[in-house]
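For the sequence shown, the working numbering begins at 46 and goes up steadily by one. These notes are about the structure you will find just below.
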Amino acid sequence: MKIGIACPYSWDVPGGVQFHIRDLAEELIGRGHSVSVIAPAGEGTDLPDFVVPTGAAIPIPYNGSVARLAFGPRMNWHVRKWLAHGEFDVLHVHEPFVPSLAMLALMNAECPVVATFHTAMDRSKALSIASPLLVPVLEKTRARIAVSEEARRTAVEHLGGDAYVIPNGVSVKNFLVSDKDERFTGTPDSPTIGFLGRIDEPRKGLPILAEAVAPILAAYPKARFFVAGRGDNSRALDILGDCARAVTFLGSVSEEDKAAMLSSVDVYVAPQTGGESFGIVLIEAMSAGSFVVSSDIPAFQAVLEHGAYGDHFRSEDPQDLARVIVSALDDPDRRAAVVREAGKAAWRYDWSTVASQILSVYSIAVKTAGYRIEGWGR
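Below you can see the structure in the form of structure tokens.
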């Protein structure tokens, strides 16, 4: 099967959607399919062979973050050329209601189209205004996917219709680390707590964790905190004050170091305050063997099965976060039991399962368009 995938966000600034597309493409190629991905990417970006770059993108505030998007006549020319050359059996566009390459690809497509929605948000005034323009374009899609119930709710509320819920995928085996990394390993009286995310993006919740450090240190004075992610840490340092001695800022980390940290810390904390449709880092932490403590936002409750695979604290409440972490540290036997069950549950999100579900949706799109493609279901 010849598959085209349109990425809305810049490839040179890694994010969840780009990782999803990369891993899906690699899984599909491994199964014998031909895959081409079109994406914005600045000059000099290290790209896989299957990515076709269209040039640098423009940073635009979006859903509490900054998205790097590419749109306009020049990008439309790139997209049309890519579609003509690719002669795809199916086109897979991601975040098609974002003004991006994905929207342009959908507008120009003549083959069957599948759309995936990643974003979860409350009712958006901008989307409400744009919906009458977007709905006719999205009617070109033969099938829709949402990565979570929250993402599905957003798509349905703004655009109507419905979507299959297929979660984000994780390469679980990449997080199965046999030995703990001594850099991040704790002891009963000196436990370690990890955080991963852009550290100057408020919705990722680092300020919430920073306020929880002092009460955690009151219970465990030798506790250590590891913060991984890009961005300016000045706000966190201001909150931490004298407690900053217990925190190590790692900056941007490699995939290997991420797996090492997640597999070694006693507790992984996800204090995000909102704007999350899924929670792929929770699955990564579960795969690696971390005990997860997360905010109680709906997307995270769904991943942790409302506390079956980790603990929740009241969102944006640092005192409750500290209480939950200390309670987890006080009970290592319970933590170990939860980690075992969470590790088993993580496999339902492995790409070996998720890619097969996506291929089934491709089949629906192709069949309802009147096409017959050999080898679609491998």
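Every residue gets a Cβ at the ideal spot worked out from N, C-alpha and C, and that includes glycine.
Run of the beta strand (DSSP E) containing residue i, from where it starts to where it stops
i, result
"residue 222", "Counting along the chain, residue 222 falls outside any beta strand (DSSP E), and DSSP gives it neither H nor E."
"residue 50", "47–51"
"residue 160", "158–162"
"residue 356", "356–358"
"residue 275", "Premise fails: residue 275 is in no beta strand (DSSP E) and is neither H nor E."
"residue 293", "292–296"
CB contact check: residue i to chain D, cutoff 7 Å
i, result
"residue 156", "Protein chain content of the structure displayed is limited to a single chain, and chain D is not contained in it."
Residue i versus residue j: straight-line alpha-carbon distance, rounded
i, j, result
"residue 215", "residue 391", "8 Å"
"residue 423", "residue 404", "With a pLDDT of 48 at residue 423, under the threshold of 50, the predicted position of this residue should be treated as unreliable, though the coordinate-derived value follows. Going from the Cα of residue 423 to the Cα of residue 404 covers about 8 Å."
"residue 235", "residue 206", "52 Å"
"residue 308", "residue 129", "45 Å"
"residue 287", "residue 280", "14 Å"
"residue 218", "residue 332", "8 Å"
"residue 150", "residue 141", "9 Å"
"residue 275", "residue 208", "33 Å"
"residue 257", "residue 374", "14 Å"
"residue 114", "residue 94", "21 Å"
"residue 46", "residue 411", "11 Å"
"residue 409", "residue 340", "36 Å"
"residue 305", "residue 225", "7 Å"
"residue 88", "residue 296", "24 Å"
"residue 212", "residue 117", "31 Å"
"residue 59", "residue 230", "27 Å"
"residue 377", "residue 311", "9 Å"
"residue 406", "residue 144", "24 Å"
"residue 382", "residue 289", "32 Å"
"residue 414", "residue 133", "13 Å"
"residue 54", "residue 199", "19 Å"
"residue 220", "residue 204", "37 Å"
"residue 370", "residue 84", "40 Å"
"residue 70", "residue 86", "17 Å"
"residue 396", "residue 61", "15 Å"
"residue 228", "residue 193", "34 Å"
"residue 103", "residue 278", "24 Å"
Residue span of the alpha helix (DSSP H) that contains residue i, given as start and end
i, result
"residue 310", "It is not in any alpha helix (DSSP H) - residue 310 carries neither H nor E in the DSSP assignment."
"residue 279", "279–285"
"residue 73", "61–75"
"residue 98", "Segment 96–98 is the beta strand (DSSP E) holding residue 98; no alpha helix (DSSP H) there."
"residue 413", "396–413"
"residue 116", "Per DSSP, residue 116 belongs to no alpha helix (DSSP H) and is neither H nor E."
"residue 345", "343–348"
Reference residue i; option with closest CA among the options
i, options, result
"residue 301", "191, 83 and 222", "222"
"residue 273", "287, 244 and 200", "244"
"residue 388", "303, 61 and 349", "349"
"residue 247", "60, 55 and 361", "361"
"residue 232", "407, 198, 267 and 262", "267"
"residue 285", "259, 277 and 327", "259"
"residue 138", "201, 81 and 366", "81"
"residue 363", "352, 334 and 261", "261"
Anticipated Cβ contact below 8 Å, residue i with residue j, distance rounded
i, j, result
"residue 57", "residue 99", "Actually they are not in contact, since the Cβ atoms of residue 57 and residue 99 sit about 12 Å apart, beyond 8 Å."
"residue 210", "residue 191", "5 Å"
"residue 52", "residue 146", "7 Å"
"residue 320", "residue 271", "About 24 Å; that fails the 8 Å criterion."
"residue 126", "residue 158", "With a Cβ gap of about 18 Å, residue 126 and residue 158 do not count as contacting."
"residue 50", "residue 66", "6 Å"
"residue 160", "residue 196", "The pair is not a contact, with the Cβ atoms about 11 Å apart (cut-off 8 Å)."
"residue 358", "residue 338", "7 Å"
"residue 394", "residue 328", "5 Å"
Check your understanding: Counting pairs of Cβ atoms below 8 Å between the stretch 303–319 and the stretch 247–254, do you hit three or more?
Key -> yes
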